[in-house]
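Below is one structure, written out as structure tokens, with a few remarks after it.
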Amino acid sequence: MNSYKYCIQAENLSKSFCRKGGKKRGLFSGFSIEVKPGEIIGLSGPSGCGKTTLGDILLGLKHPDTGKVFWNGNGINGSGKSSRMALRPYFQKIYQDPPTSFPPHQTIEEALTDVVKNKYSIGRKDIINRRILAAIKDVDLDKELLKRYPRQLSGGEIQRFALSRVLLLKPIFLVADEPTSRLDLSVQAKIVRLLMRLAKERRTGVLFISHDPALLRVACKKVLSFGR
């Protein structure tokens, strides 16, 4: 269980990018956030305001122009690659485009098997299978779907498999970047319930990014408006 007061903190983040002609456009500045274990924080705002970029900065996938990010109390800005890589499995992301969540050339079973092997250094097939079956049961998926390739699954099924991978990795912090944007309403509700259960039962801190404030109010303790 996460013993730190905050699983992720960021102080005074800013980010800009260069337009054609060399002119810079600021995405955001002076942004700070703290997420506690088991807490879901919502982030809303229009397309292009920098929500996804912020999530990537919090995960160490991109660098801010200014500001600091702390994972479980450890500053990652300027830290060595080896220390960031050691923490990487504990800081995960669910993408808004479900088909890109898994390698297209692997079945879902093969992809999840690689996750278990890499995370736990387990070689025994029976132990790997037990862990995978327990994870997909938690997201209400049939084991027969494991034999399929990503292209053979619906968006809702892929997104739930992405959540099962999160369960296998047991992250401290998760960025859910528009995880329901391409799903119908009934599947959206199921994904939101699963995120809420993940936060409550696993004490995972979640940044839930969405352009839909009403959806965020259902799941989140607090909703931050971005790009306004």
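Residue numbers for the sequence shown, in this note's numbering: -17 to 210.
All C-beta atoms in this analysis are idealised placements derived from N, C-alpha and C, irrespective of residue type, glycine included.
### Message
Just verifying my parser: in three-state terms, what is the DSSP assignment at Asp79?
### Response
As a first step, residue 79 is located in the sequence shown; it is residue number 97 there, counting from the start. In the structure shown, the three-state DSSP call for Asp79 is coil.
### Query
Can the beta-carbon of Ala144 be found closer than 8 angstroms to that of Ser192?
Here residue 144 corresponds to residue number 162 of the sequence shown, with the count starting at 1. Here residue 192 corresponds to residue number 210 of the sequence shown, with the count starting at 1. Pairing Ala144 with Ser192 gives a Cβ-Cβ distance that is not under 8 angstroms.
### When Phe(-1), Thr35, Leu167, Ile39 are compared against Gln(-9), the one with the closest alpha-carbon
One-based indexing of the sequence shown puts residue -9 at position 9. For the set Phe(-1), Thr35, Leu167, Ile39, the Cα lying nearest the Cα of Gln(-9) is the one of Ile39.
### Message
Taking the beta carbon of Gly8 as the centre, do at least 16 other beta carbons fall within 10 Å, making it buried, or is it exposed?
### Response
Within the sequence shown, numbered from 1, the residue matching residue 8 stands at position 26. Gly8 is exposed by the Cβ-count criterion.
### Query
Can you list, in chain order, the residues of its chain whose CB lies under 8 angstroms from that of Ile110, leaving out five sequence neighbours each side?
Residue mapping note: residue 110 aligns to position 128 of the sequence shown, counting from 1. If the five residues before and after Ile110 are omitted, its C-beta is found closer than 8 angstroms to the C-beta atoms of Thr95, Val98, Lys99, Ile104, all from its own chain and listed in chain order.
### Query
Out of curiosity, what's the CA-to-CA distance linking Thr186 and Met178?
By 1-based counting over the sequence shown, the position of residue 186 is 204. By 1-based counting over the sequence shown, the position of residue 178 is 196. Annotation: Thr186 to Met178 spans about 10 angstroms, alpha carbon to alpha carbon.
### Task
Would you identify the three-state DSSP class for Gln249, choosing helix, strand or coil?
Outside the displayed range of the chain (-17 to 210) lies residue 249, so it cannot be described from this structure.
### Query
Quick one: Cα of Lys182 to Cα of Ala68, how far?
The sequence position of residue 182 within the sequence shown is 200, counting from 1. The sequence position of residue 68 within the sequence shown is 86, counting from 1. Rounded to whole angstroms, the separation of the alpha carbons of Ala68 and Lys182 is 25 angstroms.
### Query
What is the DSSP secondary structure of Phe214, reduced to helix, strand or coil?
With the chain represented from -17 up to 210, any question about residue 214 goes unanswered, as that position is not in the structure.
### Message
Three or more C-beta pairs under 8 angstroms: does that hold for the segment 130 to 140 against the segment 161 to 179?
### Response
Judged by Cβ distances under 8 angstroms, the segment 130 to 140 makes contact with the segment 161 to 179, as three or more pairs qualify.
### Task
Along the beta strand (DSSP E) that carries Glu16, what are the first and last residues, could you check?
Start at 1 with the first residue of the sequence shown, and residue 16 comes out as number 34. Segment 6 to 17, the beta strand (DSSP E) holding Glu16.
### Task
Go through its chain and collect everything with a Cβ distance to Lys125's Cβ below 7 angstroms, but skip five positions before and after it.
Along the sequence shown, read from residue 1 onward, the residue named residue 125 stands at position 143. Excluding sequence neighbours, Lys125 sits near Leu115, Ile118.
### Lys(-3) classed as buried or exposed, judged by whether at least 16 other C-beta atoms fall within 10 angstroms
Reading the sequence shown from its first residue, position 15 is the one you call residue -3. The residue in question, Lys(-3), is buried, as its Cβ has 16 or more Cβ neighbours within 10 Å.
### Query
Is Tyr102 buried or exposed, if buried means 16 or more other CB atoms sit within 10 Å of its CB?
What you label residue 102 is simply residue 120 of the sequence shown in a count that begins at 1. Exposed, by the Cβ-count rule.
### Task
Determine, using beta carbons only, whether Leu165 comes closer than 8 angstroms to chain C.
The structure shown contains no chain C; it holds only a single protein chain.
### Message
Within 10 Å of its beta-carbon, does Arg1 have 16 or more other beta-carbons around it, so buried, or fewer, so exposed?
### Response
For the purposes of this step, residue 1 is identified with residue 19 of the sequence shown, where counting begins at 1. The residue is exposed, with fewer than 16 neighbouring Cβ atoms inside 10 Å.
#### Entry: Nearest neighbour of Pro132, chosen from Cys202, Leu206, Arg70, Pro81 [CA to CA]
As a working note, residue 132 is residue 150 in the sequence shown. When only C-alpha atoms are compared, the closest one is Pro81.
#### Entry: Other residues of its chain near Pro46: CB distance less than 7 angstroms, five sequence neighbours each side excluded
Indexing the sequence shown from 1 puts residue 46 at position 64. Result list for Pro46: Leu(-5), Ser(-4), Lys(-3), Ile39, in chain order.
### Query
Roughly how far, in whole angstroms, is the beta-carbon of Phe208 from the beta-carbon of Gly12, given that I think they are within contact range, below 8 angstroms?
Position 226 of the sequence shown, counted from the start, is the residue given in the question as residue 208. Position 30 of the sequence shown, counted from the start, is the residue given in the question as residue 12. The pair is not a contact, with the Cβ atoms about 12 angstroms apart (cut-off 8 angstroms).
### Message
Which same chain residues end up closer than 8 angstroms to Val205 when comparing Cβ atoms and leaving out the 5 residues on each side of it in sequence?
### Response
As a working mapping, residue 205 is identified with position 223 in the sequence shown. Taken in chain order, the residues that qualify are Ile23, Gly24, Leu25, Ser26, Pro195, Leu198, Arg199.
### Coil, strand or helix - Glu183 by DSSP
Against the sequence shown, residue 183 aligns to sequence position 201. If DSSP states are grouped into helix, strand and coil, Glu183 belongs with the helices.
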